[in-house]
Each structure stands twice: as structure tokens, then as C-alpha cells.
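Chemist: The sequence shown stops at residue 70 when you use the working numbering, and every number in between is there.
Backbone N, C-alpha and C fix where the C-beta goes; we use that ideal spot for every residue, glycine too.
The structure's right below; bear with me while I get my questions together.
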Amino acid sequence: MEKTLDIKGMTCNHCKQAITTALQDLNGVNYVVVDLKQGKAHVNYEEGKVTEAQMKEAVEDQGYDVN
Ligand SMILES: [Cu+2]
């Protein structure tokens, strides 16, 4: 499964790295591609193992807003 999150507040590569790591650390997430310019995170994950709410929370825990 593939999901794109709209993330607000990313400004630099540190933000990009923090979000990538936070999402990749979730059980069930296969890989993450963060687009800093577009403010998006593309998440490839296994359905049933991880929810969108968990992804949102992981990003919010880093201090960013998710739409
Ligand atoms: Cu930053």
C-alpha cells in the first residue's frame, strides 16, 4: 500500500531526515520518500500492520503538522 501525507513545517534536510526516520521506525512501514519542496511524505507500508493515524502521530511527535 502507498500513502502520501501532506506535512507542514518542513524547512530543511534535518526536517526531512527526522520525518523519514520517524516513519521508517514504525512497524509495517517498508520505505519512505520525503519530498521537502512539496511538503509530502510518500509511505509504502503493509496494510493491517500500521495505520494512517500512527503515521500521523509519528510525524506530529517530531513537531510537524499533517493534513
Ligand atoms: Cu529543518
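Between Val37 and Tyr48, is the Cβ-Cβ spacing less than 8 Å?
Modeler: No, Cβ-Cβ distance for Val37 and Tyr48 is not below 8 Å.
Chemist: Kindly list the residues whose CB is nearer than 6 Å to the CB of Lys11, restricted to its own chain and excluding five residues on each side of it in sequence; keep chain order.
Modeler: Correct list, in chain order: Asp68.
Chemist: May I ask whether a heavy atom of ligand 1 can be found less than 7 Å away from the beta carbon of Thr14?
Modeler: Yes.
Chemist: So the candidates are Val53, Glu60, Gln41, Gly51; which of them puts its Cα closest to the Cα of Lys19?
Modeler: Answer by Cα proximity: Gln41.
Chemist: What is the DSSP secondary structure of Asn30, reduced to helix, strand or coil?
Modeler: Three-state DSSP puts Asn30 in coil, outside helix and strand.
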